[in-house]
Structure formats: C-alpha cells, structure tokens
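Each residue of the sequence shown is one higher than the one before, starting from 365 at the first, in this note's numbering. A virtual CB, placed ideally from N, CA and C, is assigned to each residue, including glycine.
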Amino acid sequence: MQVMPTMRRIALAGLAGAAIAAGPAFAADSPPATTTPPPTTTTPTTTTPTPAPKPKAFYTKLSNETTFTSWAYTNLDVKVKKSPAKSSRSVGKLHFNTEDGPPEIYLALQMFTTAKGDEWVQVRIPGRPNGRTGWVPREGLGEFHLIHLQLIVNRKTLRATLYKNGKLIFKAPVGVGKASTPTPGGKYWIREKLKGFGPVYGPLAFGTGAYSSKLSDWPGGGVIGVHGTNEPNLVPGRPSHGCIRMHNKDILKLARLMKPGTPLLIK
C-alpha cells in the first residue's frame, strides 16, 4: 500500500489552503488605486482694457416758464454772452440791482455743460429791446430758486390770470396800454415788489422785465409795471402808458399769491 505519498499530497494541499486563508482580505467595492496626474501649465491670457467713453457736452432744462421756473440773484457782474463760450460776443452785463434799487432777479432757462465740465446758464436779460436772452458762467449767478407760478395778461380779453402748477388760482380784470403807448407782448418775469409810489399806482406795484417801446425817457427807462390805481372806473380798459393796472383789492390779493421770480406772459 502506498499510504505515504497519498498522505503527503493531503498535507501539502492543507498547507496551501492555510496560506491562502492567512492572506489579506479586500472588500469588493474598494476603490482602485489612483495616481497623481502630472501638473499642467496654462499660459495666462491678457485682454486689452476698454477705454472709458469721452465726456460729452449736454443741456439741462431749468425752466419751462409755466409750471416750474428757476431764478437767481446776481453773484458777479460778468458779461452776458450770445452763446455759451468765452470767445462769444457780449450782449449785456449782469447787474446787482434794478433801476428802483431791489436786488435784480434773472430767470435761468437752461444750463449747458461742456465736455470739460464748464457750466453756462442761459438767462433772460432785462432791458430794451425786449425778449433778449444770453449766456453767463454758472458762477455769475447765486443759488437757484424754484417757483411754480405763472402770470398771464391777455390784452384782448383784458384779463389777468395766475396759475400754480398749471391750476388757476387768481383772475382779475386789467387795464393795459392805449394804442399810442401799447403794453408790449412777450415772455417776461416779475423782477421786484415796490411800495410808496402814491395813489396813482395804488397800494403797491410789481416791476417786470418788460419795457415800453415808446417811453424810453420815463424814469427807469420805461419799465412796465403791474400795479393798482386811483381810477378804478378805467379798469377793464386801455387807459395806460403801457403798465398793467388792477383794482386795488385785486393787486393786494395778487401780492399775497405771487412773488418776484414769477414768469409773466403778455399776450
């Protein structure tokens, strides 16, 4: 009997099984071994910056002379230019006071800002001929004041009406200039409020930016006023030398509602 070889094969098989059993055990879902990829190098990209847009000149509206109007006192007695440029010809000069003494008021219509940032303001110019406008450096005027009134005088209907933000708040009959000394039509403004002229002008008067086209030799150069009267029977009518007359009670009421800086339209 060959017992020994058989027993040896059994023993060797047992040892092989024991060796396999003693080896490390791995889970079925263990991740595979990873390797670190070699570093990659990228070339940085450069972009050309977009240049900032160049400043442009622009206009800013300051008044529509109906529902909002800007006005200012004089800050410097600078020249008024025909256009917003230092090289433009002069058409007048700012002054500090009216012919009657109160501080002069200028209506500011619009502002022009140059590409360099310089500011010019278009203003209405008091004086003959009527209706002139011009440009002054912004520093030539003081701070802007805003008003929401408009006074309209109708020479055909002989009526004065005052509006606030476009809403009628006052109306009254008026007397205007006769044919030989007419009340001039156009766009003007209330420059001053005055008292102490005697009964002919009633309890008070408003000086305007309008001037008579016929009476330049009158005191003040023929400034058109809005005032009371000691001849109420002539209102409404055309009895004056160009000024706008009202009954005394009406001019007093108007004075409570209206102030200098109010735009005036005479049509």
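For my contact list, residue i and residue j are in at a C-beta cut-off of 8 angstroms; report their separation, rounded to the angstrom.
i	j	result
residue 547	residue 606	5 angstroms
residue 598	residue 539	5 angstroms
residue 574	residue 554	With a Cβ gap of about 10 angstroms, residue 574 and residue 554 do not count as contacting.
residue 618	residue 464	In fact, because the Cβ distance is near 19 angstroms, the residues do not count as touching under 8 angstroms.
Which residues does DSSP pair with residue i in a beta bridge?
i	result
residue 609	539, 591
residue 497	488
residue 456	444
residue 630	517, 550
residue 524	517, 536
Using the Cα positions of residue i and residue j, report the straight-line distance between them to the nearest angstrom.
i	j	result
residue 393	residue 416	Summary for residue 393: the model assigns pLDDT 42, below 50, so the residue's position carries little reliability; its value from the coordinates is reported in the next sentence. Cα to Cα, the separation comes out at about 60 angstroms.
residue 515	residue 527	6 angstroms
residue 485	residue 444	10 angstroms
residue 423	residue 501	14 angstroms
residue 610	residue 431	24 angstroms
residue 481	residue 590	40 angstroms
residue 604	residue 612	16 angstroms
residue 483	residue 448	8 angstroms
residue 518	residue 585	24 angstroms
residue 624	residue 412	57 angstroms
residue 614	residue 592	8 angstroms
Need the endpoints of the beta strand (DSSP E) that residue i sits in, please.
i	result
residue 602	601 to 604
residue 573	569 to 575
residue 442	Careful: residue 442 lies outside any beta strand (DSSP E) and carries neither H nor E.
residue 555	550 to 558
residue 515	513 to 518
residue 475	469 to 477
residue 436	433 to 437
Practice task
Say whether the region 528 to 540 touches the region 454 to 471, bearing in mind that this needs 3 or more beta-carbon pairs closer than 8 angstroms, one atom from each stretch.
Solution key: no
Problem - Touching by the beta-carbon criterion (3+ pairs, under 8 angstroms), the region 427 to 444 and the region 496 to 509 - result: yes
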